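Asker: This is the structure I want to talk about, given as structure tokens.
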Amino acid sequence: MASVATTADHAHHDHHENFLSKKGLMSWLTSVDHKRIGLLYLYTGLVAFLVGGAFALLLRTELMFPGKTFIDEKTYNVFFTLHGTIMIFVFIVPGIVASFGNIFMPIMIGARDVAFPVLNRFSYQVYVAGILVVLFGLVNPLGGGPADTGWTFYTPYSMKTNTSVITLTFGAFLMGFSSILTGLNFVVTIHKMRAPGMTWTRMPLFVWAIYSTSLIQVLATPVIGITLLLLIAEKFFGIGFFDPALGGDPVLFQHFFWFYSHPVVYIMILPAMGVVSEILPVFSRKPIFGYKAIAWSSLAIAGVSFIVWAHHLFVSTLSSSAAVLFSFLTYLVAIPTAIKVFNWITTLYGGQIDLKTPMLYALAFVFLFAIGGLTGLPLAAPAVDVSYHDTYFVVAHFHYTIQGGTIISLMAALYYWMPKISGRMYNERFGKMSFWFVFIGFNLTFIPQFLMGTQGMPRRYYDYEPMYANYHMISTIGAYLLGTGYFTAILNILISSFKGKPCGSNPWNANTLEWKIASPMPEHNFHEIPTITEWPYEYGRDGEASKYSATKGAH
Amino acid sequence: MINFLHAALGFITHATPASTVAHEAKFAADFINIISLVAFILVEGALIYFVIKYRRKKGEPNKQTLYLTHNTKAEIIWTVLPTLILGVIFYFGVASFIKMRNMPKDGEIIQLTARQWLWDIKYPYCVKNEKTKAERCIKLSSKNVNPTEDSIKAGKLQDALQKENTPFMIAKGRKYVMQMTSTDVIHSFAIPSFYVKQDVVPGLTSRLWFEPTQTGEFTITCNEYCGDKHSGMLGKFKVVEPAEFDQWKAEQLAALQKELDQDAAGGPVDESALIAKGKELYGAKGCLACHSLNGSPGAAPTFKGLYGKEEVLTTGKIKVDEAYLAESMLKPAAKVVKGYAPMPNMGVEEADVKPLIAFIKSLK
Amino acid sequence: MSANQAGYTTYQGHTVRDGSLWGNPAPLVYSMSRFGMWLFLATEILLFAILFTAYSIAYYRDAAAFHASAKELSVAFGTANTVILLFSSFTVAWGIEAVKHGNNRLMLVMLGITIACGVVFLINKKFEYGHKMHEVELAKEAIAPELYQVLKAENKCADTFDKHHGEDIMVEKCKVVPFNVSNIGSTDKSKPAFASMFFFLYFVMTGIHGLHIIIGLGLLIWVMRKGLKNEFHPGWYTPVEVGGLYWHLVDLIWIYLFPLLYLVA
Numbered sequence: 320m321a322s323v324a325t326t327a328d329h330a331h332h333d334h335h336e337n338f339l340s341k342k343g344l345m346s347w348l349t350s351v352d353h354k355r356i357g358l359l360y361l362y363t364g365l366v367a368f369l370v371g372g373a374f375a376l377l378l379r380t381e382l383m384f385p386g387k388t389f390i391d392e393k394t395y396n397v398f399f400t401l402h403g404t405i406m407i408f409v410f411i412v413p414g415i416v417a418s419f420g421n422i423f424m425p426i427m428i429g430a431r432d433v434a435f436p437v438l439n440r441f442s443y444q445v446y447v448a449g450i451l452v453v454l455f456g457l458v459n460p461l462g463g464g465p466a467d468t469g470w471t472f473y474t475p476y477s478m479k480t481n482t483s484v485i486t487l488t489f490g491a492f493l494m495g496f497s498s499i500l501t502g503l504n505f506v507v508t509i510h511k512m513r514a515p516g517m518t519w520t521r522m523p524l525f526v527w528a529i530y531s532t533s534l535i536q537v538l539a540t541p542v543i544g545i546t547l548l549l550l551i552a553e554k555f556f557g558i559g560f561f562d563p564a565l566g567g568d569p570v571l572f573q574h575f576f577w578f579y580s581h582p583v584v585y586i587m588i589l590p591a592m593g594v595v596s597e598i599l600p601v602f603s604r605k606p607i608f609g610y611k612a613i614a615w616s617s618l619a620i621a622g623v624s625f626i627v628w629a630h631h632l633f634v635s636t637l638s639s640s641a642a643v644l645f646s647f648l649t650y651l652v653a654i655p656t657a658i659k660v661f662n663w664i665t666t667l668y669g670g671q672i673d674l675k676t677p678m679l680y681a682l683a684f685v686f687l688f689a690i691g692g693l694t695g696l697p698l699a700a701p702a703v704d705v706s707y708h709d710t711y712f713v714v715a716h717f718h719y720t721i722q723g724g725t726i727i728s729l730m731a732a733l734y735y736w737m738p739k740i741s742g743r744m745y746n747e748r749f750g751k752m753s754f755w756f757v758f759i760g761f762n763l764t765f766i767p768q769f770l771m772g773t774q775g776m777p778r779r780y781y782d783y784e785p786m787y788a789n790y791h792m793i794s795t796i797g798a799y800l801l802g803t804g805y806f807t808a809i810l811n812i813l814i815s816s817f818k819g820k821p822c823g824s825n826p827w828n829a830n831t832l833e834w835k836i837a838s839p840m841p842e843h844n845f846h847e848i849p850t851i852t853e854w855p856y857e858y859g860r861d862g863e864a865s866k867y868s869a870t871k872g873a874h
Numbered sequence: 037m038i039n040f041l042h043a044a045l046g047f048i049t050h051a052t053p054a055s056t057v058a059h060e061a062k063f064a065a066d067f068i069n070i071i072s073l074v075a076f077i078l079v080e081g082a083l084i085y086f087v088i089k090y091r092r093k094k095g096e097p098n099k100q101t102l103y104l105t106h107n108t109k110a111e112i113i114w115t116v117l118p119t120l121i122l123g124v125i126f127y128f129g130v131a132s133f134i135k136m137r138n139m140p141k142d143g144e145i146i147q148l149t150a151r152q153w154l155w156d157i158k159y160p161y162c163v164k165n166e167k168t169k170a171e172r173c174i175k176l177s178s179k180n181v182n183p184t185e186d187s188i189k190a191g192k193l194q195d196a197l198q199k200e201n202t203p204f205m206i207a208k209g210r211k212y213v214m215q216m217t218s219t220d221v222i223h224s225f226a227i228p229s230f231y232v233k234q235d236v237v238p239g240l241t242s243r244l245w246f247e248p249t250q251t252g253e254f255t256i257t258c259n260e261y262c263g264d265k266h267s268g269m270l271g272k273f274k275v276v277e278p279a280e281f282d283q284w285k286a287e288q289l290a291a292l293q294k295e296l297d298q299d300a301a302g303g304p305v306d307e308s309a310l311i312a313k314g315k316e317l318y319g320a321k322g323c324l325a326c327h328s329l330n331g332s333p334g335a336a337p338t339f340k341g342l343y344g345k346e347e348v349l350t351t352g353k354i355k356v357d358e359a360y361l362a363e364s365m366l367k368p369a370a371k372v373v374k375g376y377a378p379m380p381n382m383g384v385e386e387a388d389v390k391p392l393i394a395f396i397k398s399l400k
Numbered sequence: 090m091s092a093n094q095a096g097y098t099t100y101q102g103h104t105v106r107d108g109s110l111w112g113n114p115a116p117l118v119y120s121m122s123r124f125g126m127w128l129f130l131a132t133e134i135l136l137f138a139i140l141f142t143a144y145s146i147a148y149y150r151d152a153a154a155f156h157a158s159a160k161e162l163s164v165a166f167g168t169a170n171t172v173i174l175l176f177s178s179f180t181v182a183w184g185i186e187a188v189k190h191g192n193n194r195l196m197l198v199m200l201g202i203t204i205a206c207g208v209v210f211l212i213n214k215k216f217e218y219g220h221k222m223h224e225v226e227l228a229k230e231a232i233a234p235e236l237y238q239v240l241k242a243e244n245k246c247a248d249t250f251d252k253h254h255g256e257d258i259m260v261e262k263c264k265v266v267p268f269n270v271s272n273i274g275s276t277d278k279s280k281p282a283f284a285s286m287f288f289f290l291y292f293v294m295t296g297i298h299g300l301h302i303i304i305g306l307g308l309l310i311w312v313m314r315k316g317l318k319n320e321f322h323p324g325w326y327t328p329v330e331v332g333g334l335y336w337h338l339v340d341l342i343w344i345y346l347f348p349l350l351y352l353v354a
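Quick look at the structure:
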């Protein structure tokens, strides 16, 4: 187990040098360091989040009053298309995986980098190319303006509209390709580059989450790739695969689209669950409850996610027998998800809970995601879905799961790991304040949406009958609170990473490998690859966190 | 306000059910939502309780935490119990659904055509002219209720326009089967109060059925995004007592018979009647969505001064005459005016052409 | 240390890579590269699986039209291409065996033959497509003016071309139904309007496959360039093997495409 660090290892290594030391734009753009690439994804994603969020605020401002508030219907339709596309393809799908997954997964398994570092950089470049194509589509002088089809691009409307659907879908295609390459890289890394002693059952749950997510990315994304290509080919050449006038089937597009887009929501949520599985033990000083159950349910969720897609098509002329089958399968996927929620809550039982900002966000995740999951139950029942489909009930459901789930967890990850990345602590008071703005604003925005959905308010509606006016007003006020919360939360992190108090390598007293090396992390992660002898969740054995027995590791 | 309080009881309330199948669907929804509510209280309650109870207290020394990694008994219980509950929910969800999907054999079949951005229905009640063998059935079209420049000037928003929308008359206690298709993109026909919804797909015929149990007016919404005026694509069913319905039906049929006979005799002699009919069709067929009457620009050329004008097409020039107008209404994509998108199929029929042309001619 | 932290050794007097990369030892790099390529092949298979699904659905809707349309394809071309690709898979496998036993020259020859086969495949494809284009030209002349207006109006590509090029190359750009123009808009299954469906799938599937042939050729050319510099030896030939794997996949996909498109008549 023991091995001696040679002087040669330290010779070229200055104690103050870390992965952020090399300055200059080119050093960032040409870097193959997984930590830098992950940070690039994080910055790009957060900018996309703010842009997508700005569109959301514009939409909610228009919806504040019945009738025209300040934009016309066509503009409104473009705005909700861009809101959805930017949020989903540019921000949330790469989301936690490509940012924090890139930065911390290799460190957590005791590796120096991912399996294919050059491919990692190429992934990021393809992703940026996708964004540029989308931006081009926004200002495209050739087309009829930015797309107005909704992020789902349903045929035949996407065929008939003369807006720039082709550029938007091609951009999404490129971003999907980037996600396949990242997923592939991570699967190989986790299989092949774990440090000695890092067995599958000693891997942190965040790594299990990244692994399951990467499997879905590799297997599901090709489907959307080819679907979008078929859409582009049909729009460009005018031949009707999805066009009923030429013998095609518009509902087939929906099947192909959702075959990917349902697994994609699990790409969004699994890493978020992984983050929460890391944070809860650290801030309760207890081991995670049911480690094996959580690990297995991550894989189970990844598997079952492929066979439930048609629950998006209950009302789209799907046969009754298919509807029954898919309803059954959808309830099946609820079971491992519920188990995780129970495990997280039991992790708190008998703990010593420290309500720092990351913990607040992690707890909010469990709270909000549980609501999101429970509101999925009526939607999975075809009889009820008939009433709720394409109403605000669905909008609220997916915002609770995606935003209340993934984005809240991303905020938790941001606050948990930025001290590690920058070496400086954020401002705790402002962190907590922003959190409450976010939490209260979020619920204020979306609870009215559940209520008006059950009353029949359809989605993607620019205007509405006066009976819904109060709900919309409250929802818009909530949205402004929410926006303020996110903006200040991100600002806090940004400013603190330059001006915050230095915090040392392990401010949270956590056991996973990244906390055993310096903050900011050294360029090659470890002096020598550690040998692992223990599970990372040994909290609370002696009243204080016990040492994670790495014989080598950080200094 | 009352609606808000109603809804604020949680996920338990919905639109007031007004059809037979609605009561079952509402039961399924309430059942699932109550279970969800109970689960919510238990789960979130435990979460909040633990957070408060096991909070690290400031100033006090750290306490020993419980080293608990698993508990087989608890894990089995909370796997099996939810599975059973989900099974029950699943049953209720599909049982009511199957009922919704079985079309009753004694239902009156109403044909529905959805198009951007209104609903056309055709009842199975028709009259025939014995000589010409021509047939007319009762037809109604909804109006798109998105406020226009003119309506806003008149202080009318969506609610006021919806009040003026054409009511689709149906009788309480009778079963209706909607047989639906679309002429352009996918729409979705939904009546929240009847708890029914079905996508309307071009190239397919989809169906839904209902039996109204209350009189009153019930909104129809389009629940699949279909373009520029999606949110104005509202309609309404007006449910009346069977006797009243039968009377309405008889009146409509009589009027149609008169029209038929008049047409067989060469059409209405009265020019003003023809123009009035044309004006009615201008609204009913949806022309008003794009063609203005007062010369103001829109998505399509204005009708004012159109007749006799030299129009510039994408393929050359033409003088607007009756033949051109007729062709443009029946085969919209045949000739396209330069600078505009081709006109979509508005469902104009042969019989509508003459009144519409008369109307357009009258707008100098 | 080089930019990618590769390790070097000597073999038969040359300085060659020893297979280690980014500080990872050669056996690990070899194992990871193969695993990565197999995973990537899985994604490619899924991509084509969707196309095959689309094909099956269209076939199921109108098998008769598919049979009729497939008759217009040249089985001779298709068979020739199949034989060429099968042969090229054989040569690339032989090349891998050669380098495993240190025969660099033989590997280069085999790679060269494989690449040549790929190029011939593409040339064949170009001739085949060319034939189809010619038929589009004939169809273009046959279109009546009114129908042409309808086509033009229905296809948004109209205005750009009118403005920028001045000449009417509308029909070619807006291929609605290349082979059964008179059946445009027909959903009457007795008329092979579905012929357009078959050819849409034909162009899309062979086009995407052709794209993968080009990618495969790029990969093999890159490997060959390295091979010409004597970089491969029995201790390090991973790029050759991984490139060969990709080529096998491209061949395998064609083996499925060929009967579906050419032999279904």
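Chains as they are written, first to last, in my numbering: chain H, 320 to 874; chain D, 37 to 400; chain U, 90 to 354. Built from N, CA and C at the ideal position, the CB exists for glycine as well. Note that the structure is predicted; figures quoted are calculated from it, not measured.
#1: Do K605(H) and T56(D) count as a contact pair if the criterion is CB distance below 7 Å?
#2: With a 10 Å radius around its C-beta and 16 neighbouring C-beta atoms as the bar for buried, classify N396(H) as buried or exposed.
#3: Beta carbon of E171(D), beta carbon of P160(D): below 7 Å?
#4: Counting only the same chain and skipping the five closest in sequence on each side, list residues whose C-beta sits under 8 Å from that of K401(D).
#5: How many whole angstroms separate the CB atoms of K179(D) and G319(D), which I take to be in contact at a CB cut-off of 8 Å?
#6: Between which two residues does the alpha helix (DSSP H) holding P582(H) run?
#7: Give me whichever residues DSSP pairs with Q215(D) in a beta bridge.
#8: Of the residues that make up the stretch 185-204 of chain D, which ones have a beta carbon closer than 7 Å to any beta carbon in chain H?
#9: Which residues does DSSP list as the beta-bridge partners of A207(D)?
#10: Kindly indicate which three-state DSSP category H631(H) falls into: helix, strand or coil?
#11: Under three-state DSSP, which class holds H322(U)?
#12: Determine the chain H residues that contact R137(D) at a beta-carbon separation under 7 Å, and present them in chain order.
#13: Quick one: grab the DSSP three-state call for S177(D).
#14: Determine the extent of the beta strand (DSSP E) in which Y790(H) is found, giving its start and end residues.
#15: Considering only C-alpha positions, which residue in the set T803(H), D782(H), V537(H) is nearest to C258(D)?
#16: Check whether the stretch 449-463 of chain H touches the stretch 531-551 of chain H, taking contact to mean three or more Cβ pairs, one atom from each stretch, closer than 8 Å.
#17: Looking only at its own chain, which residues have a Cβ that is under 7 Å from the Cβ of R778(H), when we skip the five neighbours before and after it?
#18: Among M126(U), A138(U), V331(U), which residue has its Cα nearest to the Cα of L349(U)?
#19: In angstroms with no decimal places, state the Cα-to-Cα distance between M382(D) and E80(D).
#20: Kindly indicate if chain H contains any beta-carbon less than 7 Å away from that of G102(U).
#21: Tell me, please, whether the CB atom of V705(H) is closer than 7 Å to any CB atom in chain B?
#22: For A377(D), does the three-state DSSP call read helix, strand or coil?
#23: Please list the residues of the stretch 387-412 of chain H that have a C-beta atom closer than 8 Å to any C-beta atom in chain D, keeping them in chain order.
#24: Please confirm whether G420(H) and G802(H) have their CB atoms less than 7 Å apart.
Answerer: This is what the structure holds:
#1: Here residue 56(D) corresponds to residue number 20 of the second sequence, with the count starting at 1. Here residue 605(H) corresponds to residue number 286 of the first sequence, with the count starting at 1. No, Cβ-Cβ distance for T56(D) and K605(H) is not below 7 Å.
#2: Translated into positions along the first sequence, residue 396(H) becomes position 77. Buried, because 16 or more other Cβ atoms sit within 10 Å of the Cβ of N396(H).
#3: Walking along the second sequence from the start, residue 171(D) turns up at place 135. Walking along the second sequence from the start, residue 160(D) turns up at place 124. Here E171(D) is not near P160(D), since their CB atoms are 7 Å or more apart.
#4: Because chain D in this structure spans residues 37 to 400, residue 401(D) falls outside the shown range and cannot be described.
#5: Here residue 179(D) refers to the residue found at position 143 of the second sequence. Here residue 319(D) refers to the residue found at position 283 of the second sequence. That belief holds up - the Cβ atoms of K179(D) and G319(D) are roughly 6 Å apart, short of 8 Å.
#6: Position 263 of the first sequence, counted from the start, is the residue given in the question as residue 582(H). That run of the alpha helix (DSSP H) goes 569-603.
#7: Along the second sequence, read from residue 1 onward, the residue named residue 215(D) stands at position 179. According to DSSP, Q215(D) bridges with Q147(D), R243(D).
#8: Those would be L193, Q194, D195, Q198, in chain order.
#9: Locating residue 207(D) in the second sequence gives position 171, where the first residue counts as 1. Paired residues: V276(D).
#10: The residue given as residue 631(H) occupies position 312 in the first sequence. Of the three classes helix, strand and coil, the one that applies to H631(H) here is helix, per DSSP.
#11: Within the third sequence, the letter at position 233 stands for residue 322(U). Collapsing the DSSP output to three states places H322(U) in a strand.
#12: In the second sequence, counting from the first residue as 1, residue 137(D) sits at position 101. Contacts between R137(D) and chain H, judged by CB atoms closer than 7 Å, involve S639 in chain order.
#13: In the second sequence, the residue the question calls residue 177(D) occupies position 141. Residue state, collapsed to three classes: strand.
#14: Within the first sequence, numbered from 1, the residue matching residue 790(H) stands at position 471. Unbroken run through Y790(H) is the alpha helix (DSSP H), 788-818; no beta strand (DSSP E).
#15: As a first step, residue 258(D) must be located in the second sequence, where it is residue number 222. With distances taken between Cα atoms, C258(D) lies closest to D782(H).
#16: Between the stretch 449-463 of chain H and the stretch 531-551 of chain H, the count of Cβ pairs shorter than 8 Å is below three; the stretches do not touch.
#17: In the first sequence, counting from the first residue as 1, residue 778(H) sits at position 459. Excluding positions up to five away in sequence, the list reads D709, T710, Y711, V713, V714.
#18: Counting from one through the third sequence, the residue named residue 349(U) turns up at place 260. The shortest C-alpha separation from L349(U) is found at A138(U).
#19: Translated into the one-based positions of the second sequence, residue 382(D) becomes position 346. Translated into the one-based positions of the second sequence, residue 80(D) becomes position 44. Between the alpha carbons of M382(D) and E80(D) lies a distance of about 53 Å.
#20: As a first step, residue 102(U) is located in the third sequence; it is residue number 13 there, counting from the start. For G102(U), no CB of chain H lies under 7 Å from its own CB, so it is not counted at the interface with that chain.
#21: Looking at the structure shown, chain B is missing, and the protein chains on hand are H, D and U.
#22: The residue given as residue 377(D) occupies position 341 in the second sequence. In this structure, A377(D) counts as coil in the three-state DSSP scheme.
#23: From the stretch 387-412 of chain H, only K387, E392, K393, N396 have a Cβ closer than 8 Å to chain D.
#24: Along the first sequence, one-based indexing puts residue 420(H) at 101. Along the first sequence, one-based indexing puts residue 802(H) at 483. One thing to note: G420(H) has its Cβ no nearer than 7 Å to the Cβ of G802(H).
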